[in-house]
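Trainee:
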Amino acid sequence: MVQLEVLGVSMDGHHQPVVLLRHDDRVLPIVVGLAEAEAIHAALIKRDLGRPMTHDLICNILAGLHGELQSVTIYKLENETFYAHLNIEQKSSTGQIEQLIRVDSRPSDGIAIACRTNSPIYASQTVMDMASQDMSFLGTGDEEPEETDDTDADPDADTDFDT
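Take the sequence shown: its position 85, counting from 1, is numbered 393 in the working numbering, and each next residue is one higher.
(1) Report buried or exposed for N395, applying the criterion of at least 16 other Cβ atoms within 10 angstroms of its Cβ.
(2) Ends of the alpha helix (DSSP H) at R424?
(3) In the DSSP assignment, the beta strand (DSSP E) including I348 goes from what residue to what residue?
(4) Tell me, which residues are paired with I429 by DSSP?
(5) Output yes or no for whether 8 Å exceeds the beta carbon distance between Q398 and L373.
(6) The beta strand (DSSP E) that contains T389, what's its start and end?
(7) Looking at C-alpha atoms only, which residue of A347, V310 and S318 is the closest neighbour of S416?
(8) How many angstroms separate the CA atom of V310 from the CA atom of H331?
(9) Buried or exposed, going by whether 16 or more other CB atoms sit within 10 Å of the CB of G418?
(10) Nearest CA to the CA of K354: which residue from I429, T425, Q378 and E313?
(11) Less than 8 Å separating the beta-carbons of V335 and V327?
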């Protein structure tokens, strides 16, 4: 297993949100849904949304049940779908560890929760070998932006992940 750092959320060449996870000089890009991308981005920039969103609710439930997210593990890539586990430690009211719980999760949800709890994110070496790319694929920022046809874009969509 290798520990990953969340670099951020971006849009890929097909205008799909992608979360970028880094280990050393490798980046693991994972296509996610728009809602999950926004949830991850909000957690990364510590945006207060006023009311708890779904991932905040999960964190609140964990805390109420004396659970703590120990880590998220992205353990498999099959048919272009990533698989992850939430690794949760549940403690008694005295603080003693009662049980370790592994919960199936979409990586995007796990990442959104991990960003809120400052929990580590790991990927198996097999996943990294299959799907990670050299950091150079991100470019230097000096490239000309790709021309796009935004006639179908939703003008009200909040997809500015760079703020």
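Glycine is no exception: its CB is placed at the ideal position from the N, C-alpha and C atoms.
Predicted, not measured: the structure shown is a model, and the values here were computed from it.
Mentor: Short version:
(1) buried
(2) P415 to T425
(3) Run containing I348: none in the beta strand (DSSP E); it sits in the alpha helix (DSSP H), L342 to L352.
(4) L312 and V380
(5) yes
(6) T389 to K399
(7) A347
(8) 7 Å
(9) buried
(10) T425
(11) no
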